[in-house]
Amino acid sequence: MQPTNHSIGNSSSSPLHDDVLAASIPESFEAEIDDLIARAETFTGEEDVVDHGLEPDLFRQTPPKYMQGVVRGQQAYLTTNLLEHGSLMLLQPQMVWTLGRHREAGIPIKDRMLSRRHASIVYLREEHAFFLLDLNSMNGSYVNGIRVDQQRLKDGDFLRIGNTEFVFFVSEEYENLEPLHAEVHAKLLSALLRETQEV
Numbered sequence: 001m002q003p004t005n006h007s008i009g010n011s012s013s014s015p016l017h018d019d020v021l022a023a024s025i026p027e028s029f030e031a032e033i034d035d036l037i038a039r040a041e042t043f044t045g046e047e048d049v050v051d052h053g054l055e056p057d058l059f060r061q062t063p064p065k066y067m068q069g070v071v072r073g074q075q076a077y078l079t080t081n082l083l084e085h086g087s088l089m090l091l092q093p094q095m096v097w098t099l100g101r102h103r104e105a106g107i108p109i110k111d112r113m114l115s116r117r118h119a120s121i122v123y124l125r126e127e128h129a130f131f132l133l134d135l136n137s138m139n140g141s142y143v144n145g146i147r148v149d150q151q152r153l154k155d156g157d158f159l160r161i162g163n164t165e166f167v168f169f170v171s172e173e174y175e176n177l178e179p180l181h182a183e184v185h186a187k188l189l190s191a192l193l194r195e196t197q198e199v
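Residue numbers (this note's numbering): 1 to 199.
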């Protein structure tokens, strides 16, 4: 991130200014972090949501449905919010997750249009990929609007089984990011704690 044109010496313009920390923070980091916080503040106010015509209650009532396949080494797992308790990480030894309306399915979903055991998500190590496998369901399984018996899943595929629709994400790679400069990290935490105490 390039340093911004903020006035570095003007500490009153920064809501995060701390006399003790500011003295030890390099000027380039000071400007960078002030710009980062300023941008973040534009997304935190409730008035911003109203100005853009969005309805916060709508997002709380109907969160987007998703499933994410995550691969770490030889092990894969799913994270999804299709179940009633919100997002949940699902580990399965054989890396086969069955979806259906039966309560003993690996991922039981309350949907009358689903078969008792409707479909499975399978991770194959040999292929380094997740697959959707339809289990001879009555109403079929669809990937991006096309009915399939089995289909290799790609990041961002749109799935529909019965009346249940969700987006499938794939995460196979990860990257270790550089740690923040110690003073910048301390300044962020100080600001966060101050904000939470004021709420």
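Positions of the beta carbon are idealized from the N, C-alpha and C atoms, including for glycine.
These numbers come from a predicted model, not from an experiment.
Looking only at DSSP bridge pairs, what is residue i linked to?
i    : result
A141 : The sequence as given places Ser at residue 141; Ala does not occur at that position. Paired residue(s): V148 and I161.
S120 : T98 and L133
G69  : L78 and V170
M113 : Paired residues: none, contrary to the question.
L90  : L78
From the DSSP output, in three-state form, read off residue i for me.
i    : result
L192 : helix
I107 : strand
E183 : helix
D35  : helix
G9   : Because the pLDDT of G9 is 42, which lies under 50, any placement of that residue in the model is unreliable, and the question is left without a value.
E127 : coil
Within 10 Å of its beta-carbon, does residue i have 16 or more other beta-carbons around it, so buried, or fewer, so exposed?
i    : result
G156 : exposed
Q228 : Residue 228 lies beyond the stretch modelled for the chain, which goes from 1 to 199, so this question has no answer here.
M67  : buried
E86  : The question names Glu, but residue 86 is Gly in the sequence shown. Result: exposed.
T80  : buried
E32  : buried
T98  : buried
A105 : buried
H118 : buried
A182 : exposed
L159 : buried
L177 : exposed
L192 : exposed
Round the Cβ separation of residue i and residue j to the nearest angstrom and send it over; I've been treating them as touching at under 8 Å.
i    : j    : result
I146 : L132 : Not really, about 11 Å apart at Cβ, beyond 8 Å.
G95  : Y123 : The residue asked about is misnamed: residue 95 is Met in this sequence, not Gly. Contact holds; Cβ gap of about 4 Å.
R125 : H102 : Actually they do not touch by this definition, with Cβ atoms about 27 Å apart.
V170 : F130 : 6 Å
V148 : S137 : Not a contact, Cβ separation roughly 11 Å.
M113 : G73  : With a Cβ gap of about 37 Å, M113 and G73 do not count as contacting.
K65  : L82  : 6 Å
Closer than 7 Å: is that where the CB of residue i sits relative to any heavy atom of the ligand NAP?
i    : result
E183 : With respect to small molecules bound, the structure shown includes none, and the ligand NAP cannot be examined in it.
Count Cβ pairs between the stretch 162-177 and the stretch 188-196 that sit closer than 8 Å; are there 3 or more?
Taking a cut-off of 8 Å for Cβ pairs, the stretch 162-177 and the stretch 188-196 do not touch, as fewer than three such pairs fall below it.
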